[in-house]
Every structure is written in structure tokens, then in C-alpha cells.
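Enquirer: Okay, here's the structure, questions in a sec.
Numbering (my numbering), first residue to last: 282 to 742.
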């Protein structure tokens, strides 16, 4: 006989967004929850990431609302010196383990089913099938889930005898071998940094980059009051660039000139933007790789040649090919976050998965009407191309405008540890430091014309 478990919410997934949602529901309601996930530990894709993975944004505003990840200390050495710490994979896994075992489960309002596949209301795991009933809603925390290169086959053929591995298998690497990196995103960047910092000469690396990326400058997104001037001056520069740009391409160059965006090759106009963040030191190191191949995507790796969309390059059996080509967070068509029997977790702020999930939980816990909740949580598209920066910036601005008209919502945002930027602005206003309030005044003055011009630029594309 099939077992049946029942709770107010059935949350599908136990990754960062699922746990951020559950954590806020625990704080803001008396709801019960079942969390079901295919993996055998909380933390989602962090359980399967490559060993040298780190957050590429500060730990301070990642995770769940109720528990800090890291401290306000800055790194003393390395590429991140002087900036807030970036949690490594083991730290993140330990953090989510603690969230589950020290916060969610002790509440007696959360049941956790690891190593269970969920399909149409049934969780199937080691002990068989369990029917799960949601008295209120099913929460889909997998819609914007992360794809990893070690969890899917390469999107190209690999001939027998060719060494091709995901970055998770770099222990196979031979320091005297040559390397071919396949991919242009953050995983590829991390892999190149790891190889060079572990002694591989840059001229031993070939980097197949189907696209070039605009990269956010980590120095401009530091979420503590000690960095108020730098962080908010960057926000001013961003909205003033939006105000003054004549075309979308002109906007990108203005953001670069202001130090907000970086590119790896100053002679190539990037055609990708996916929220990747790097420091000046990391970008300088990545630029050391001179052998960059821009011939489209890899179609096949043979023993002597790699076939690409627009040509071929040589290879050999002694080369280690590192597949970093997984899509990361694939773009999904936006859908209403709130429906009669379902919540679909999506971004409601740029590049902010855990804040978005916590915010959605707050709305679910405090507002009854789904239409009212959807009005406050229009999905912010996950970007892929530079033009998507304009779309996501405008979508976020629309959401924030409506939050400001809802005092309860605005108060929650200001108190959230996952939106430290709002708290920074509130502190600047309360302390009335002229140096800081003048920055906020410039920001406010540029906001309306900046957003209007972004709309014009987007319509012109």
C-alpha cells in the first residue's frame, strides 16, 4: 500500500532557492512543508559542483534569510583581496546542511525526503513510492535549476581514445599536458583560473569560446556599509549610463568605461551576459590565455582534430579536453509565480536567486490574493545576451516601484539579509552623512530618465 504524507506545501527541490523559500515560510507563517529532492543531501547543485567552485558574488547576501553565510570580513590575499569573502563549495554544503538540520527539521513543521524523485504528486525513493498531498500549493524550485557538465553528456561527439572530462575530473590532469577548455561561461573561467594558479602555463591552454562575455566587476557589488561609496557610486554610474546612452552598444561601453563591466579581450565586443562576476585580478589572469578559438560551438572531438561550427583546429590524444559547456541556468519562458495550486520560483530581482525565493515566500505568507502577489513578483528574465541586461533592469525597476508602494513589503525587503543594499541606503539616510546622501541624490535624480531611455533603447533594437 502506498504511503501518503500531507502538508500545507510540497516543495520540489532542496537546493538554495527551495531552502530560502522554506526558511522564510517558517519565519512568516505557521505552515507545514514537505521538501522532496532527487539528491541525497540538501544544497542542490552544490553537492555536485567541481571541487574548486566558489560563489562569484559575496557570501553576505547568499543563502537563507535567517542564517548568515560568512562574515563581513574581507579576504587578505589572492584575487579577492580587500573584498568580501566568497564561500567555497564545502562551506556552502555545510551551510545548507545546517539550515536543514538546525533550522528546518527541528521546527517539526518540515519533513525532508532526500533521494526521492518527484513526479505528479508521487515521490519515489529507496523505500518505494510515497504520495504527497499539498493542502495549499506545490512549490516548484526546479524551474530555474542549474545544469552541470558532469550530469549530462557533452553536446558534441567524442571519438574513442580522446580524453574529455568535466572540470570535476581535473585530478586526471597532468601538469605537462596541454589543455583545451570548451565553454565561455563562469565554469570555464573558474577552470582556467584553477589551472594557471596550479602551475599550468597559459600558453599550454587553448580556450574555445563560442561567445565572449561581459563580466560584472566584483569590486562594485560589495554589500556592506564599509563599501557604501564604491557600491552606490557604481549604481549611480549604471543609471547615468542608462540615461545618457545613445544605443544599446553605447550603453555597454559606458558601463565598461565606468568600471562596472569587464571583458576578456578589449578588441572583441561581447555577445553574452549571464551575471558572471569577477575581480580585476581574475580578469587579468584570464587574459593571459592568448590561444582563444572563436569558431562557434564544438561539434565533434576526434583524435587529431576538433570540428566546430565554423572550422577545425588541431588536437591530439595527449590533450586533456575540459567540457565546461553546460548551460548553467537555462532560460525558461516566464510564467506567473503564483497559480491556484502551484508556486513556480523565479527571479524577481536581477541575478538574485535566493533573495527572490525568500521574497516569494514572504508574499505567499502575508498576502492572500494570487493576482496581488503576482503583481509584486513579475519574473525578471535570466539574461543570456547583453540586451537582456536592459530587459532585466527594467523588470526589476517595475517590481521595486510596486514594492515601494507597499509599506509591509518594503519593510521586509529592508530587513532582509539577502538585500543588504537596501539596508545600506537606509543607514545612509538615517546617519545623514552628506558624502553618502549626495550619492543617493544623484541616484534618485537619474532614475526616471535612465529607465525611460532604457525603454527607448530596448524598443529600438
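Don't be surprised by glycine CBs; every beta carbon is placed ideally from N, CA and C.
(1) Beta-carbon of residue 575 versus every beta-carbon of chain D: anything under 8 Å?
(2) Which residue marks the beginning of the beta strand (DSSP E) containing residue 488, and which one marks its end?
(3) By a C-beta neighbour count over all protein chains shown, 10 Å radius and 16 as the cutoff for buried, is residue 550 buried or exposed?
(4) Taking only three categories from DSSP, how would you classify residue 468?
(5) In terms of DSSP beta bridges, what is residue 542 paired with?
(6) Going by the DSSP bridge assignment, what does residue 222 pair with across the sheet?
(7) If we ignore side chains and look at the alpha-carbon of each, how far apart do residue 626 and residue 485 end up?
(8) State the CB to CB distance for the pair residue 707 and residue 717, rounded to an integer number of angstroms; the pair is presumed to be in contact (CB under 8 Å).
(9) Rounded to the nearest angstrom, what separates residue 291 and residue 542 at their Cα positions?
(10) When the Cα atoms are used, what is the spatial distance from residue 494 to residue 556?
(11) Would you kindly work out how many angstroms separate the C-alpha atoms of residue 325 and residue 297, rounded to a whole number?
(12) Using the Cα positions of residue 665 and residue 738, report the straight-line distance between them to the nearest angstrom.
(13) Counting only the same chain and skipping the five closest in sequence on each side, list residues whose C-beta sits under 6 Å from that of residue 648.
(14) Given this structure, state the Cα-to-Cα distance separating residue 379 from residue 524, to the nearest angstrom.
(15) Could you name the residues that DSSP lists as bridge partners for residue 624?
(16) Find out if the Cβ-Cβ distance for the pair residue 412, residue 289 is shorter than 8 Å.
(17) To the nearest angstrom, how far is it from the Cα of residue 343 to the Cα of residue 668?
(18) Label residue 538 either buried or exposed according to how many other C-beta atoms from any shown protein chain fall within 10 Å of its C-beta, with 16 as the threshold for buried.
(19) Touch check for the stretch 471-480 and the stretch 308-328: three-plus C-beta pairs under 8 Å?
(20) According to DSSP, simplified to helix, strand and coil, what is residue 604?
(21) Counting along the chain, where does the alpha helix (DSSP H) carrying residue 690 start and finish?
(22) Quick check on this structure: which residue in 396, 650, 663, 373 has the alpha carbon closest to the alpha carbon of residue 339?
(23) In terms of residue numbering, what span does the alpha helix (DSSP H) encompassing residue 366 cover?
(24) Tell me the DSSP secondary structure of residue 559 in three-state form.
(25) Could you name the residues of the same chain whose beta carbon sits closer than 6 Å to that of residue 513, not counting the 5 residues immediately before and after it, in chain order?
(26) Measure the beta-carbon distance from residue 448 to residue 436 and round it to whole angstroms, keeping in mind my assumption that it falls under 8 Å.
(27) Between 675, 548, 598, 516, which has its C-alpha nearest residue 722's C-alpha?
(28) Please classify residue 287: does DSSP put it in a helix, a strand, or coil?
(29) At which residues does the beta strand (DSSP E) containing residue 587 begin and terminate?
(30) Taking the DSSP output, what are the residues bridged to residue 445?
(31) Could you give the distance in angstroms between the alpha-carbon of residue 736 and the alpha-carbon of residue 521?
(32) Mark residue 303 as exposed unless 16 or more other C-beta atoms lie within 10 angstroms of its C-beta, in which case mark it buried.
(33) Can you give the Cα-Cα distance for residue 725 and residue 703, rounded to whole angstroms?
(34) Residue 710 lies in the alpha helix (DSSP H); which residues open and close that run?
(35) So, at 6 Å on beta carbons, what are the nonlocal neighbours of residue 590 in its own chain, with the 5 sequence-adjacent residues on each side left out?
Expert: Taking the coordinates as given:
(1) The structure shown contains no chain D; it holds only a single protein chain.
(2) 486-489
(3) exposed
(4) helix
(5) 497
(6) Since the first residue shown for the chain is 282 and the last is 742, residue 222 is missing from the structure and cannot be characterised.
(7) 42 Å
(8) At roughly 11 Å, the Cβ-Cβ gap does not stay under 8 Å, so residue 707 and residue 717 are not in contact.
(9) Whole-angstrom Cα-Cα distance: 40 Å.
(10) 9 Å
(11) When rounded, the distance between both Cα atoms is 7 Å.
(12) 18 Å
(13) 654
(14) 45 Å
(15) 420, 619
(16) no
(17) 26 Å
(18) exposed
(19) no
(20) strand
(21) Per DSSP, residue 690 belongs to the alpha helix (DSSP H) from 688-696.
(22) 373
(23) Where residue 366 is concerned, there is no enclosing alpha helix (DSSP H), given that its DSSP letter is neither H nor E.
(24) strand
(25) 720
(26) About 16 Å separates the two Cβ atoms, so there is no contact after all.
(27) The residue with the shortest Cα to Cα distance from residue 722 is 516.
(28) strand
(29) 586-589 is the span of the beta strand (DSSP E), which, as asked, contains residue 587.
(30) 602
(31) 14 Å
(32) Taking a 10 Å sphere around the C-beta of residue 303, we find 16 or more other C-beta atoms and assign the residue as buried.
(33) Counting only the Cα atoms, residue 703 lies some 14 Å from residue 725.
(34) Counting along the chain, residue 710 sits inside the alpha helix (DSSP H) bounded by residues 701-712.
(35) 577, 578
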